[in-house]
Amino acid sequence: MNEIVNAINGVIWSPALIYLCLGVGLYFSLRGRFLQVRHFGEMIRLMFDGKSSDAGVSSFQALAMTLAGRVGTGNIAGVATAITFGGPGAVFWMWMVAFLGASSAFVESTLGQIYKEKLDGEYRGGPAFYIEKGLGVKWYAWVFAVVTIFACGVLLPGVQANSIAAGLQGALGIDANVTAALLAVLLAFIIFGGLKRIAKFAELVVPFMALGYIIVACVIIALNVHMLPDVLALIFKSAFGMEAGFGAILGLAIQWGVKRGVYSNEAGQGTGPHASSAAAVSHPAKQGLVQAFSVYIDTLFVCSATAFMLLITGQYNVQGPDGQALYTGIAGVAAGPGYVQTAMEHIMPGFGSLFVATALFFFAFTTIVAYYYIAETNIAYINRKVHRPWLMFVLKLAILASTVYGTVKTADLAWGLGDIGVGLMAWLNIAAILLLQKPAFVALRDYEAQRAQGLDPVFHPEKLGIKNADYWAGHRAEDNLEDEQRQAAGQQPLHQQ
Numbered sequence: 001m002n003e004i005v006n007a008i009n010g011v012i013w014s015p016a017l018i019y020l021c022l023g024v025g026l027y028f029s030l031r032g033r034f035l036q037v038r039h040f041g042e043m044i045r046l047m048f049d050g051k052s053s054d055a056g057v058s059s060f061q062a063l064a065m066t067l068a069g070r071v072g073t074g075n076i077a078g079v080a081t082a083i084t085f086g087g088p089g090a091v092f093w094m095w096m097v098a099f100l101g102a103s104s105a106f107v108e109s110t111l112g113q114i115y116k117e118k119l120d121g122e123y124r125g126g127p128a129f130y131i132e133k134g135l136g137v138k139w140y141a142w143v144f145a146v147v148t149i150f151a152c153g154v155l156l157p158g159v160q161a162n163s164i165a166a167g168l169q170g171a172l173g174i175d176a177n178v179t180a181a182l183l184a185v186l187l188a189f190i191i192f193g194g195l196k197r198i199a200k201f202a203e204l205v206v207p208f209m210a211l212g213y214i215i216v217a218c219v220i221i222a223l224n225v226h227m228l229p230d231v232l233a234l235i236f237k238s239a240f241g242m243e244a245g246f247g248a249i250l251g252l253a254i255q256w257g258v259k260r261g262v263y264s265n266e267a268g269q270g271t272g273p274h275a276s277s278a279a280a281v282s283h284p285a286k287q288g289l290v291q292a293f294s295v296y297i298d299t300l301f302v303c304s305a306t307a308f309m310l311l312i313t314g315q316y317n318v319q320g321p322d323g324q325a326l327y328t329g330i331a332g333v334a335a336g337p338g339y340v341q342t343a344m345e346h347i348m349p350g351f352g353s354l355f356v357a358t359a360l361f362f363f364a365f366t367t368i369v370a371y372y373y374i375a376e377t378n379i380a381y382i383n384r385k386v387h388r389p390w391l392m393f394v395l396k397l398a399i400l401a402s403t404v405y406g407t408v409k410t411a412d413l414a415w416g417l418g419d420i421g422v423g424l425m426a427w428l429n430i431a432a433i434l435l436l437q438k439p440a441f442v443a444l445r446d447y448e449a450q451r452a453q454g455l456d457p458v459f460h461p462e463k464l465g466i467k468n469a470d471y472w473a474g475h476r477a478e479d480n481l482e483d484e485q486r487q488a489a490g491q492q493p494l495h496q497q
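Just so we're aligned, residue 1 is where the sequence shown starts under full-length UniProt numbering, counting upward by one.
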C-alpha cells in the first residue's frame, strides 16, 4: 500500500507543482503590488470588523474556521518532517511559500465571496462555485467538488488523527484504540451540530490554542536567545546550499519546504475559500485580506515557533535521499511530533511532552472539524442539482471512519494519503484561480478606491462588470428589506456594516 501511495505522490508532487505554487504566488504578488505588505495594517483592522448574521458568520469567526483548517498537525509534525527530509533550509522555503501564498489566499478567498450563494439559509461558496459561475465550466466544478469531498472526507482526516494518537501515546502512554474512540465521540458531537456550532467551536478554541503554543515557544526562544543568530544563519545557508553538511539536499530543501508549507498554510489549495465564503461582509476584498493574514499566522508564527524550538535545542535528525544520516540529534525517534515533544521536554522537564500532546490534540482536532465543513460545503454544491440529502449522512460516517482508521495506522501511510488529497486539490484550484483572477483584482481596486474616499466599501458587481455574482445582485434587495424592517422595529441591521 505504501509503495502505491508513494508512486502516486511522485506524479502529483512533481517539481511542476512545487514551481507552480511558488510561481503563481509570485505572479499574484506582483499583480497585486504586494498587497500582503501594503495592506498589512488593514488586514488586522478587518479581522475584528463585521458581525455574524442568521445566514453567515463574522469575519473573526470565518478567520477562526480557516485557521482551524490551516493550523493543524502540519505546524508541529509537518515542520519536523520538512527538516528531516529537507534540512534546516526547508524552513526558509516554508516562509517563502507563506509570503507569496498570502496573495494566492487573497485571490481564492475573494473569489469565494464574489460567487457565494445562500443555500438552506446559510452562505456557501468555494472553488466549485466560482469555477461554475466565474469560468462557466460545470464539469470542472464537479470534478473539484468530488475530489474535495474525497480528500477532506477520506484522505486528510487520518493524518491529523494519527498525530494526535502519536502525541498522546508519547506523553501519557494512551493506546491508539482509546484515542480513536475518544476522537469519534467528540467529532460526532460537533459535526452533527451544523455550521453555527462549528463556527462557535472554532472561535473559542483556535485563538487560545495558537496563542498558547506561540507564547510557550517564545519563552523557549527567549531562554536561548543567544543561539538565535546561529539558527537563522543555519536556515538561510541551508536554504541555498551554502551549508557544507546539507549542500547535497538543496533540491529537497525546496521540495519539502514547499510541500509542507502548502500542507500547513493551504494557500492556493482551495480549502480557505469555503469558510471565508460563510462570512457576512459588505465587500469580498475584506474577507480576502483577512484570509491572506491567516497564512501569516499559520506559517510565519506557528510553524516558525516549532522550527526555532527544534533547531535551538538540536533535537532533530536530517537524512539524505538514500536514507543516510546527515545529522543526528535525537536517535531512535521517528520524524513527527516526537521531535517537538523531546525538544520541549529537554527545556521544560515534566511539562514539555504533555504540552505538545495537548497542543497537537487541539490543532489537529479542529482541523478535522474544518475538513468536515469543507466536504459538507461541496456536498451542498452537488445537492443543488441532485437533491440527495442522505449524502450528508454518508459524509459524517466516512469522516468518522477515516479518523478512526488513521488513528491506528502507520504515520507514513497517513501522511502519504494526505499528500495525495492536498496535491490534487492544489492542481485543480491553482489552474482555476489563474484563469479567473481578474474579478478578484477588480474587487481589490474597487475596495482601495472606496477606502481612499473614506467610505466603508460596499460591493456592486454590476458596476464593475462582474457577472453571475448572484448573491450580491439578487440578495442585496432581500437584505436591505430585512435591515429596514429591523430598523423600524428598533433593532440593529444585520447586513450593513
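All C-beta atoms, glycine included, are put in the ideal place defined by N, C-alpha and C.
In the displayed model, Leu455 falls within coil according to three-state DSSP, outside both helix and strand.
When secondary structure is reduced to three states using DSSP, Thr342 falls in the helix class. Looking at the backbone, the Cα of Glu448 and that of Lys286 are separated by about 10 angstroms. The beta carbons of Leu100 and Ser14 sit about 19 angstroms from each other, so the pair does not count as a contact at 8 angstroms.
Across the structure, Leu223 and Met348 are spaced so that their CA atoms are roughly 11 angstroms apart. For Val216, the CB contacts under 7 angstroms within the same chain, skipping 5 residues up- and downstream, are Phe355 in chain order. Counting the other CB atoms within 10 Å of its CB gives Thr410 a total below 16, which places it among the exposed residues.
By DSSP's assignment, Gln450 forms no beta bridge with any residue. Scanning its chain for C-beta atoms nearer than 6 angstroms, with the 5 sequence neighbours on each side dropped, one finds around Cys152 the residues Tyr371, Ile374, Ala375, in chain order. The DSSP-derived three-state label of Tyr316 is coil.
Assigned with DSSP and collapsed to three states, Glu122 falls in strand.
C-alpha of Ile312 to C-alpha of Leu228: approximately 7 angstroms in a straight line. Using a C-beta cut-off of 8 angstroms, the region 29 to 42 makes contact with the region 288 to 304, since at least three inter-stretch Cβ pairs fall below that distance. Listed in chain order, the non-local C-beta contacts of Ser109 below 6 angstroms within the same chain comprise Gly272, Pro273, Ser276, Gln287, Gly288, Gln291, local neighbours out to five positions each way being set aside.
In this model, Arg45 and Ser59 are separated by some 11 angstroms (Cα to Cα). Taking a cut-off of 8 angstroms for Cβ pairs, the region 297 to 316 and the region 330 to 350 touch, as three or more such pairs fall below it. About 19 angstroms separates the beta carbon of Ala64 from that of Pro157, a gap too long to meet the 8 angstroms contact definition.
CA-CA distance, Gly167 to Ala307, rounds to 17 angstroms. For the 8 angstroms CB-CB criterion, Ile149 and Tyr140 do not form a contact.
The beta carbons of Gly320 and Ile249 sit closer together than 8 angstroms.
Contact annotation: Ile114 and Ala443 have beta-carbon atoms nearer than 8 angstroms. In the same chain as Tyr471, and ignoring 5 residues on each side of it, the C-beta atoms closer than 7 angstroms to its own belong to Lys116, Glu117, Lys118, in chain order.
Residue pairing by DSSP places Tyr327 opposite Val318 in a beta bridge.
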